[in-house]
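*Asks:* Structure below; questions to follow.
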Amino acid sequence: MDLNKRPDDMARITTPELAQAFIEEQVAACREQIGDKKALLALSGGVDSSVVAALLIKAIGKQLICVHVNHGLMRKGESEQVVDVFRNQLDANLVYVDATDRFLSLLDGVAEPEAKRKIIGAEFIRVFEEEARKVGDEVSFLAQGTIYPDILESDGVKAHHNVGGLPDDLQFELCEPVRLLYKDEVRVIGRELGLPENMVERQPFPGPGLGVRCLGAITRDRLEALREADAILREEFAAAGLEGKVWQYFVSVPDFRVTGVKEGKRLYEWPAFIRAVNTVDAMTAEVPELDWALLKKIGDRIASEVNGICRVLYDLTPKPCGTIEFE
Ligand code: XMP
3 MDLNKRPDDM
13 ARITTPELAQ
23 AFIEEQVAAC
33 REQIGDKKAL
43 LALSGGVDSS
53 VVAALLIKAI
63 GKQLICVHVN
73 HGLMRKGESE
83 QVVDVFRNQL
93 DANLVYVDAT
103 DRFLSLLDGV
113 AEPEAKRKII
123 GAEFIRVFEE
133 EARKVGDEVS
143 FLAQGTIYPD
153 ILESDGVKAH
163 HNVGGLPDDL
173 QFELCEPVRL
183 LYKDEVRVIG
193 RELGLPENMV
203 ERQPFPGPGL
213 GVRCLGAITR
223 DRLEALREAD
233 AILREEFAAA
243 GLEGKVWQYF
253 VSVPDFRVTG
263 VKEGKRLYEW
273 PAFIRAVNTV
283 DAMTAEVPEL
293 DWALLKKIGD
303 RIASEVNGIC
313 RVLYDLTPKP
323 CGTIEFE
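Numbering of the sequence shown is given in my numbering, commencing with residue 3 and proceeding in unit increments.
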């Protein structure tokens, strides 16, 4: 039997009852697989890794070691939420690494998008690997939030941007309890496991995080402005009931300034680009027709509340011919 093939007769998990049955089954299977050994998990705070963490905490408790690497490019409040939910509420064995300075000094002056991606990806693996070595010998399993589309897309081998490049001398057996599930099923399971709604409905967030939204060479002040602007956008989308309804929405801030006027004074500040898209597979994407009053409110709030931003623009470009991200 191919363990990476979803059986034709497997029911789609759409209800709490089906989710509970799946959880029970996987808790037993993971207990059986891991026994009294330890497992390591890179916990980004995204839906998939969070659900696997919650499932494994139920199965093996503190034998699961979660590592959350804060690369300094997370959205506002995200790392804090991971610590709060997993350490404080679920009593997880969580290693929290604030690697902001390491990432930002490596990125200093680097403007080319692919170079930024490479630096962030490689450093992520380095930090995770250092933490893996610290708990090293005792850990036998690497838990991952691989889901079924990852398997279908990569023909059985997950090119996981976070932990795919671990060195050969760190030998782990994989534990991938949601590998046969689709994203919507993972969300149903997450809800049943008691994860907060905004974590379960979290929109996709690229591995390099705000690093590819702080366009060009990243500076701390512009990154901070971007983080604040993005938080306002997400807050207003949530208040308008659009969380989980629009596929992805975010702010990017370019590395040039434009003229503005605030409190009667002429100034040069950054513009903020708002992007919202709907898509099925991220290969093509449409721009939703958002409510004008909502857009205006977001624009007014960002331009008036965020230090360093004086204009807000809404991107009308579908994919193609624009990509979803600006970099
Ligand atoms: P593009 O910009 O290529 O984005 O239309 C398609 C989807 O992929 C996400 N994205 C990334 N995800 N690492 C990731 O994990 C990356 O380097 C990366 N670049 C883009 C993007 O957010 C969108 O959902």
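Even glycine gets a Cβ: it sits at the ideal position worked out from N, Cα and C.
What's the gap between the Cα of phenylalanine 252 and the Cα of valine 188?
*Replies:* 23 Å
*Asks:* Compare the Cα-Cα distances from isoleucine 276 to each of Ala295, Ile304, Gly266 and report the closest residue.
*Replies:* Ile304
*Asks:* Mind checking whether the beta-carbon of threonine 221 lies closer than 8 Å to any heavy atom of ligand 1?
*Replies:* no
*Asks:* Is DSSP giving cysteine 312 helix, strand or coil here?
*Replies:* strand
*Asks:* Between which two residues does the alpha helix (DSSP H) carrying phenylalanine 24 extend?
*Replies:* 18-36
*Asks:* Assuming phenylalanine 130 and valine 69 are in contact, meaning their beta carbons sit under 8 Å apart, how far apart are those beta carbons, in whole angstroms?
*Replies:* Contact between phenylalanine 130 and valine 69 holds: CB atoms are separated by about 6 Å, below the 8 Å threshold.
*Asks:* If you scan the region 37-123 from start to end, which runs of the alpha helix (DSSP H) of 4 or more residues do you find wholly inside it?
*Replies:* 49-62, 80-84, 102-109
*Asks:* Is glutamine 91 buried or exposed, if buried means 16 or more other CB atoms sit within 10 Å of its CB?
*Replies:* exposed
*Asks:* Given a cut-off of 9 Å, decide if alanine 30 and isoleucine 59 are closer than it, judged by their beta-carbon atoms.
*Replies:* no
*Asks:* Does the distance from the CB of glutamate 194 to the CB of glutamine 22 come in under 9 Å?
*Replies:* Yes. Within cutoff.
*Asks:* Since lysine 264 is in the beta strand (DSSP E), which residue starts that stretch and which ends it?
*Replies:* Note, lysine 264: beta strand (DSSP E), 260-264.
*Asks:* Just the C-alpha distance for cysteine 177 and valine 71, rounded to the nearest angstrom, thanks.
*Replies:* 20 Å
*Asks:* Aspartate 93 CB to nearest chain B CB: under 9 Å?
*Replies:* Among the protein chains of the structure shown there is no chain B, as only one such chain exists.
*Asks:* Alpha carbon to alpha carbon, how far is isoleucine 220 from cysteine 32?
*Replies:* 42 Å
*Asks:* Out of Lys321, Leu296, Phe328, Ala44, point me to the one whose CA is closest to phenylalanine 143's CA.
*Replies:* Ala44
*Asks:* Taking 8 Å as the cut-off, is the beta-carbon of alanine 113 closer than that to any non-hydrogen atom of ligand 1?
*Replies:* Relative to ligand 1, the beta carbon of alanine 113 is positioned no closer than 8 Å to any heavy atom.
*Asks:* Would a C-beta distance cut-off of 9 Å place valine 190 and proline 9 closer than the cut-off?
*Replies:* no
*Asks:* Which of the three DSSP states is assigned to tryptophan 272 in this structure?
*Replies:* strand
*Asks:* Please determine, among Ile311, Met201, Leu172, Pro320, the residue with the shortest C-alpha to C-alpha distance to glutamate 132.
*Replies:* Leu172
*Asks:* In whole angstroms, give me the CA-to-CA distance for asparagine 280 and arginine 14.
*Replies:* C-alpha separation (whole angstroms): 23 Å.
*Asks:* Consult DSSP for tyrosine 150 and reduce its assignment to one of helix, strand or coil.
*Replies:* Tyrosine 150 carries a helical assignment under DSSP once its states are collapsed to helix, strand and coil.
*Asks:* Helix, strand or coil: how does DSSP classify alanine 145 here?
*Replies:* strand
*Asks:* If I'm right that serine 156 touches leucine 217 with Cβ under 8 Å, what's the distance once you round it to whole angstroms?
*Replies:* In fact, because the Cβ distance is near 29 Å, the residues do not count as touching under 8 Å.
*Asks:* Under 8 Å: do the region 255-263 and the region 286-301 share three or more Cβ pairs, one atom per stretch?
*Replies:* no
*Asks:* Would DSSP call phenylalanine 207 helix, strand or coil?
*Replies:* The three-state secondary structure of phenylalanine 207, taken from DSSP, is coil.
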